[in-house]
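Below: one structure, written as structure tokens.
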Amino acid sequence: MMFLKMASPLDLVFLFMISGALGNEWSVTYSETNLCSLKGSTVFMNVTYTHPTGLTVTNRFWLINPVKGKEPTDLCNESGYSDRVEYLGDEQRHFSLRLSDVKKSDEQKYWFRIITNEAKERYQGEPGVTLNVTDLQVIAPAEVTEGQSVVLICKTTCSLTDPTFIWYKNRRDLTTNTPKSNELHLQPVSSEDAGSYSCAVRGYEHLPSPDQTIRVRYPPKNVSVSISSSGEIVEGSSVTLTCSSDANPPVENYTWFRGTTSVGKGNTYTISKIRSEDSGEYKCKCSNEVGHQDSISVTLNVLYPPKNVSVSISSSGEIVEGSSVTLTCGSDANPPVENYTWFKGTTSVSKGKTYTISKIRSEDSGEYKCKCSNEVGHQDSISVTLNVLYHPKNILMSISSSGEIVEDSSVTLTCSSDANPPVENYTWFKVNESSPVGSGQSYGALQSGQYYCEAQNQHGSERSAAVSVTLNRVQSLGVYAGVGAVVFVCVCLIITFLFIRSRRQKKKADEGDSQNIGPSAKDDTYAALDLAGRTSDDVYHTLAISHPRPPADTPTSSD
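Those letters in the sequence shown? Residues -23 to -1, 1 to 536, per mature numbering (1 follows the signal peptide of the UniProt record, and there is no 0), in order.
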């Protein structure tokens, strides 16, 4: 066990002689007259002594608090000492006191006393040993700010003899990293330096000082954001972001940012029904009285079905038959669209993001839409209309007449076609004639011949098949005049006959003959429309008009 003492001015061990004469005198020599002992430790007090020859030592002991005129009490018999005192001696007149578990109350002056076989020959050595008891105490500020410098001191109330100090933080030895002195320097202080510090003396590690807690004030650090949902975030669900940090004092203010825009306060931020527009990077800012720090941004990736589905047409102008047209389907979706389906009306016509019609036809006109699908859902686009423009086709002619066809009447020819945009001009031609004979959708033919029509719009023209029209010519005017004269004479004769007869029968008032006049027979006028044989190019129609037959003989009546 080590010996501890108070430091003397000369730091020397000296001997105090009690008796001047060697061999015939009393003498007691204390190895140390001042001792500094650590509370709870064991201390030794050592002496050597001599006595006059002829005397026999019958007892040796240590004592405290001597009273003049009263025999001192052996320390072994003092209250509170008996179980802690042990005497050690030998025949060479060395004698030691071993005092264990030193207490603060043990701070006393201790003397050595000798008892001999002669009642008057008793001796108490001077000046005795003064014992000082100390404990260890860490002197340090209770709170420091990160970045400052701090010195911790292991304090004693008396000077220990050549002590080696050991430092502990949270009961872990720091000696390997620090000087073995009673001072511990923290420079500069960091948040990791916060904790409980204690010190001890080498050899007495079991007697450390009480812990001294140092709190380090520092701004928020290790700021992080956690997301309530550990899986996919689907549009319409609820998401909560939680901000956490290490700070002393605790964080006073939490501010949430989406990008650079402040969106909320508090250590949590909840989006009840998240939308696709809420996707983005979020972070929180933590502040206390010492400073502030931002978290690393976290990304909210909101999954949602296709939306804003639209169809664009490659051609921004008119779509003309024979050209190539590409429809492209666009949408906003997360994850991206997996399947595109194209419909014409309600009929599926293709797959893929684009739908191309290489040589578009008039039959391709109609309404088209696309359907977009991903793992979250699907949506249809609004229909777009393909209006295919084409030149006239399927030109047809029809022939019509109203009532009976008589001489000088006309035959109406009508032209029809399929065209987009509708036909702008109809032009009528007679075969073998270079100039047109008419215009408009209908034409009245007055002459026999082969006719066709030509339909035209801004994208082209097309002609119909030719139609043959035949008109039968009526008889000459001379014939008509002769027939008229005969009829006139017959009428005159009939009138004369009736006049004469009337005069003859005046006397016969009660009788009367009735005269029947037979109507002249008239044959109906009729038309015959005959189809001529069709050639490879034209179809010919024949329209025949017959003249009325000459009047028959005027019927006569007889008495």
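All residues carry an ideal CB built from backbone N, CA and C; glycine is no exception. Quick caveat: nothing in here was measured; it's all calculated off a predicted structure.
query, result
"Whole beta strand (DSSP E) elements within the stretch 152 to 183, 3-residue minimum", "160 to 163, 172 to 178"
"Close beta carbons around GLY46, own chain, < 7 Å, minus the five adjacent residues each side", "none"
"Within 8 Å, strictly: CB atoms of ARG179 and THR141", "yes"
"Anticipated Cβ contact below 8 Å, TYR428 with LEU390, distance rounded", "6 Å"
"THR362 vs LYS330 beta-carbon contact at 8 Å", "no"
"Close Cβ partners of PRO313 (< 8 Å) along its chain, the five nearest in sequence each way excluded", "ASN351"
"CB of LEU52 within 8 Å of CB of LEU40, strictly", "yes"
"Segment limits, beta strand (DSSP E) that includes ARG90", "86 to 93"
"Nearest-angstrom Cα separation, counted from THR122 out to CYS131", "21 Å"
"Bounding residues of the beta strand (DSSP E) (the contiguous stretch that carries GLN189)", "189 to 204"
"Chain-order list of residues whose beta-carbon lies under 6 Å from that of ASN147 (same chain, five-residue window excluded)", "GLY172, SER173"
"Host beta strand (DSSP E) of THR333 (start-end)", "331 to 334"
"Which of helix, strand or coil DSSP assigns to GLU2", "coil"
"Residues of its chain near LEU346, where Cβ-Cβ distance is below 8 Å and the 5 sequence neighbours each way are ignored", "Note on identity: in this sequence residue 346 is Lys, with Leu being the wrong assignment. If we look at LYS346 and ignore the five residues flanking it on each side, its Cβ neighbours are VAL288, TRP319, PHE320, ASP357, SER358, ILE359, SER360, VAL361."
"Cα-Cα separation, VAL211 to ILE251", "8 Å"
"Three CB pairs or more closer than 8 Å across the stretch 192 to 207 and the stretch 216 to 226", "yes"
"GLY343: first and last residue of the uninterrupted beta strand (DSSP E) it sits in", "343 to 350"
"Terminal residues of the beta strand (DSSP E) in which VAL127 lies", "127 to 132"
"Spatially closest choice to GLY102 from ASN94, VAL127, VAL34, THR25, by CA coordinates", "THR25"
"Cβ neighbour criterion (16 or more within 10 Å) applied to GLY105", "buried"
"Residue from GLU410, ASN409, SER325, SER393 whose Cα sits closest to the Cα of ASN402", "SER393"
"Through-space distance from GLU295 to SER335, alpha-carbon basis", "15 Å"
"Beta-carbon spacing of VAL365, ASP395 below 8 Å", "no"
"Beta-carbon proximity of ASP223 to ASN199, cut-off 8 Å", "yes"
"Residues bridged to ARG37 (per DSSP)", "ILE91"
"Closest residue to LEU113 among CYS176, ASN278, LEU65, GLY57 (Cα-Cα distance)", "CYS176"
"ASN316 classed as buried or exposed, judged by whether at least 16 other C-beta atoms fall within 10 angstroms", "exposed"
"Nearest candidate by alpha-carbon position, reference GLY34, set ARG90, ASN42, SER387", "Checking the sequence shown, residue 34 turns out to be Val, not Gly. Out of ARG90, ASN42, SER387, ARG90 has the C-alpha closest to the C-alpha of VAL34."
"Endpoints, the beta strand (DSSP E) within which VAL20 is located", "20 to 27"
"For CYS53, the three-state DSSP class (helix, strand or coil)", "helix"
"Contact under 8 Å by Cβ, LEU76 with TYR181", "no"
"Where ARG75 sits in the DSSP three-state scheme", "strand"
"Nearest to VAL353 (by Cα), restricted to the options LEU280, THR153, ASN265, VAL297", "LEU280"
"C-alpha distance - CYS349 paired with CYS261, whole-angstrom precision", "37 Å"
"Same chain only: Cβ atoms within 8 Å of PRO43, ignoring 5 sequence neighbours per side", "PRO49, TRP88, GLN101"
"THR303, buried or exposed, once every other Cβ within 10 Å from all chains shown has been counted against 16", "exposed"
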